[in-house]
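Student: Residue numbers (our numbering): 8 to 410.
What follows is the structure, given as structure tokens:
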């Protein structure tokens with residue numbers, strides 16, 4: 008089939024063609040970035056936290072009496088919680104993955120040097136790793152003599168005197184790529200801290216768009232603040248009962264406290280990602296709406312052109328063009344327009360991604376979303392024009408003789 012009629016037709020409708028190309032380009036740019044954001048958020052929602060999520064129940068205790076010995080109060084609380092039927096282990100911690108209570112420190116490899124990255128500092132009582140079910144892949148757990156108070160009364164001075172740390176595998180790879188991190192010294196504060204162990208995973212309390220969500224450090228520092236979280240390891244069927252009894256036990260030990268957020272770890276994770284699920288739903292709805300509008304625009308313009316060209320279509324049929332030729336003509340014409348829009352949309356997609364990275368700290372657009380998005384738009388364009396093209400191919404040759 009000669010393409011000269013197609014070129015001539017497009018050149019006579021420059022403004023209409025340009026508007027449709029721009030619509031397809033904007034749709035391509037937005038849909039590719041929306042798909043990337045949704046894919047990234049869904050991947051984050053599936054990240055392993057590193058703890059035994061289905062076996063943990065937790066409750067936050069805030070003491071009103073700031074003059075009391077908080078370490079002694081925590082020990083008494085832990086002893087009482089261990090007596091609850093169904094509780095196999097219990098620990099006091101200052102934060103957990105998805106808790107939002109994030110204490111981060113810059114990690115340097117030399118004294119007072121520049122920070123290579125930041126990592127969350129997790130603190131807790133000696134049973135913490137066993138309670139959380141952390142998987143130690145190298146090294147050893149903390150020794151009893153290594154534990155010191157957090158010393159919150161002096162602005163968390165414990166981190167300047169703590170002797171050892173356990174880091175995640177991801178943080179170890181960042182600080183010492185290709186090396187064995189055990190025995191290496193890092194500086195999360197003023198003093199040197201030796202790495203004695205590596206755990207597989209331990210997500211930070213708050214996630215971001217970077218690759219640093221698994222950069223965590225554990226320190227042998229005992230929480231000595233008035234605000235502490237008690238984590239109890241129990242079976243899923245006992246969780247509700249254990250949480251109710253824990254509230255009664257803690258309230259009976261000290262009435263001058265506030266008990267907050269008694270919940271399972273699974274509930275805390277669901278609450279953390281609730282806004283992400285809402286955002287995914289809204290973005291998906293917006294993307295589907297935009298695709299429908301674009302498809303409607305393609306189909307509407309094709310129908311308008313078919314109506315305008317009925318006599319010329321009849322003439323082409325009269326001189327020997329088959330129905331397949333007419334169908335192929337409209338599909339080719341639409342393919343040229345949509346293809347031009349997709350090419351321009353690829354450029355706009357990366358430009359939009361750079362803008363989002365600059366202002367909203369989003370991740371770089373993975374290249375795989377671009378060809379997939381472009382192919383989806385091309386397929387959508389062909390499906391949208393199929394109805395008008397079939398009507399055009401059904402125009403009889405006798406139409407050429409009508410006024």
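Note that the Cβ used here is the ideal one computed from N, Cα and C, for glycine as well.
Do residue 57 and residue 209 have their CB atoms nearer than 8 Å?
Tutor: yes
Student: For residue 338, which of 313, 249 and 350 has the nearest alpha-carbon?
Tutor: Distances from the alpha-carbon of residue 338 to those of 313, 249 and 350 put 313 closest.
Student: Here's a check: name, in chain order, each residue in its chain whose Cβ is nearer than 6 Å to the Cβ of residue 101, leaving out the five neighbours to either side.
Tutor: 130 and 230
Student: Tell me whether residue 381 is buried or exposed, calling it buried when 16 or more other Cβ atoms sit within 10 Å of its Cβ.
Tutor: buried
Student: When the Cβ atoms of the segment 331–346 are set against those of the segment 23–38, are three or more pairs found closer than 8 Å?
Tutor: Touching, per the Cβ criterion.
Student: For the segment 138–153 and the segment 198–206, state whether three or more C-beta atom pairs, one from each stretch, are separated by less than 8 Å.
Tutor: These segments touch.
Student: With DSSP run on the structure shown, which of helix, strand or coil describes residue 91?
Tutor: coil
Student: Would you list the one or two residues that DSSP bridges to residue 30?
Tutor: Under DSSP, no beta-bridge partner is assigned to residue 30.
Student: Taking contact to mean 3 or more Cβ pairs, one atom from each stretch, closer than 8 Å, check whether the segment 378–396 and the segment 297–314 are in contact.
Tutor: yes
Student: In chain order, what residues of the same chain have a beta carbon less than 7 Å from the beta carbon of residue 384, not counting five sequence neighbours either side?
Tutor: 31, 34, 35, 345 and 349
Student: Kindly provide the ranges of any alpha helix (DSSP H) runs that are 4 or more residues long and lie completely inside the segment 41–105, ordered along the chain.
Tutor: 77–89
Student: State yes or no: is the C-beta of residue 254 within less than 8 Å of the C-beta of residue 266?
Tutor: yes
Student: My understanding is that residue 327 touches residue 402, with C-beta atoms under 8 Å, so please give their C-beta distance in whole angstroms.
Tutor: Contact flag wrong, Cβ pair sits at about 14 Å.
Student: Between residue 197 and the rest of its own chain, which residues show a CB-CB distance below 7 Å, the 5 nearest in sequence each way excluded?
Tutor: 167
Student: Within the chosen definition, does the segment 212–226 reach the segment 168–176 through at least 3 CB pairs nearer than 8 Å?
Tutor: Taking 8 Å as the limit for Cβ pairs, the verdict is that the segment 168–176 does touch the segment 212–226.
Student: Using only the alpha-carbon positions, how far apart do residue 99 and residue 158 sit?
Tutor: Approximately 15 Å, taken between the alpha carbons.
Student: Examine the Cβ distances between the segment 70–88 and the segment 228–244 and report whether three or more of them are shorter than 8 Å.
Tutor: yes
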